[in-house]
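Chains as they are written, first to last, in this note's numbering: chain A, 1 to 97; chain B, 98 to 410. Inspection log for the structure reproduced underneath, given as structure tokens.
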Amino acid sequence: MSLARDIITIAAVSAGAFFFLAGTVGLLRFPDTLTRLHALTKADNLGLGLVVLGLLPQAGSLRDGLKLVSIWLLVLLAGATVSQLIARTARQGETAK
Amino acid sequence: MNIATIFEIVLAAVVLGLGIWTIAVRETYSATVGFVAYGLLVALIWVRLDAVDVALTEAAIGGGLGGVLLLGAAARLRDGERTVAETPGMVTRVSAVALSALTTAALAGAIVFLPDPAPTLAPTVVGHAWATSLANPVTNVLMAFRAMDTMLEKVVLLLSIIGVWSLAPDNAWGGHPGPRHRADPDGILVFLARLLPPIGIVVGIYIFWTGANHPGGAFQGGAILASMWVLAIMAGLTDTPPVARRWLRFVLVAGPGLFLLVGLGGLWFGTAFLAYPPALAKPLILGIEVAMILTIAATLGLLLAGAPERSVK
């Protein structure tokens, strides 16, 4: 049972780390603000989501698990809001040019 | 060498690199962004050192509110930066290098010649936890064993807000700090400012409440409450209160004031300044902390809002 949990953790956290890596590469390589934001949201949403999913089997109690999930939800909310705001500012900057 | 050690070495190297970059980079804005990232990574180091209380404070102040303050300062400096292009003279540079080298050498010497085992008061602190019936040793040190330091720290907060307010022009004195923010009422910022504060207020109070027995406390909780207030102000949902308001002044002095009163009570009824009677230690400490979290939240929020700019009329 413990082995199965460990396998889930390793698989999900590795997948999460891959999305963080891909998001970072995108942030560095993509040409403009909007595409860079697109890359970055993958790290926040999917990457952190998978890391949290992977950590859930290791959580000692329901309380700890709920805390992990709520951290992910809060980061989702913050990430979505900030990328909206940055994208809007970037577009206004473009039309002003 | 295990994975944890490799992680620690990489973390330390990145923090050092970020520190050097923050100093070396030309633009104030980039330096500020570097400093915020630096603060968040230093918080990770504190977690690795099992100092979660310090990590929470570093993340909230070094990475969060301090970062916002510095970003505001960088935005104000941006216009002046192009016109002011003075380079420090040779004497200034040489003495700066000499002083930095001396400080580094002193710090390095202090670490190299540290006695082994390092002197620690931690067992004494843990051994005396019964005196307050609080289980978190950090809260015990901050609120009981070294309560004087914490009280003076709150006085410093008060002095800092007086310093900011004294920058107000004469006609705006007593008025609202900072500009009146306006945002699209159907926009995403207003949506967040309506959705997040209920969660943030619960989390802030939880961090304060859990500080009695687990990492957390009034400062970290107060910083979260302050950020919720600032979010509502930035979204234009509420305005900053005029600094002449009686209730606002009362909230700002409540923390240090109550602390001082309890301290004098200790002198009057007990044995020493800030001596709590053991039976009343926990309620007294919690009472001071409730006053402090309000003071901290109000002070940090007003520090971010800046000097009064608009008169009440």
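In this text, a Cβ means the ideal position worked out from N, Cα and C, and glycines have one as well.
Taking 8 angstroms as the threshold, the shortest C-beta distance from A:Gln84 to chain B falls below it. Taking C-alpha positions only, A:Leu77 is separated from B:Ile321 by approximately 16 angstroms.
Secondary structure at B:Arg342: coil, using DSSP grouped into helix, strand and coil. With respect to the 8 angstroms criterion, B:Gly160 and B:Gly136 are classified as neighbours on the basis of their beta carbons. Per DSSP, B:Arg407 lies in no alpha helix (DSSP H); the unbroken beta strand (DSSP E) holding it starts and ends at 405 to 407. Interface residue (Cβ-Cβ distance to chain A less than 8 angstroms): B:Ile390 is not classified as such.
Here the alpha carbon of B:Met240 sits roughly 20 angstroms from the alpha carbon of B:Leu397.
Ranked by how close their Cα comes to the Cα of B:Val139, the residues B:Val165, B:Arg123, B:Val191, B:Val107 have B:Val107 in first place.
The alpha-carbon of B:Thr189 is positioned some 26 angstroms away from that of B:Arg173. Setting aside the 5 residues that flank it on each side, A:Leu37 is surrounded in the same chain by Ser83, Ile86, Ala87, each with a C-beta closer than 7 angstroms to its C-beta; the list follows chain order. By DSSP's assignment, B:Pro274 forms a beta bridge with B:Pro405. Excluding five sequence positions before and after B:Ala244, the CB atoms of its chain that fall closer than 6 angstroms to its own CB belong to Leu371, given in chain order. Taking A:Phe20 as the centre and dropping the five residues before and after it, the same chain places the C-beta of Ala43, Gly47 closer than 6 angstroms to its C-beta, in chain order. Taking a Cβ-Cβ cut-off of 8 angstroms, the neighbours of A:Thr81 in chain B comprise Ile285, Leu286, Phe288, Leu289, given in sequence order. Shown here for B:Asp267: not one same chain residue has a beta carbon closer than 8 angstroms to its own, the five before and five after excluded. Contact between the stretch 116 to 128 of chain B and the stretch 61 to 81 of chain A is absent: fewer than three C-beta pairs spanning the two stretches fall below 8 angstroms. Between the alpha carbons of B:Ile103 and B:Ala128 lies a distance of about 27 angstroms.
B:Val238: not part of any alpha helix (DSSP H); DSSP gives it neither H nor E. B:Gly297 and B:Ala265 have their alpha carbons spaced roughly 31 angstroms apart.
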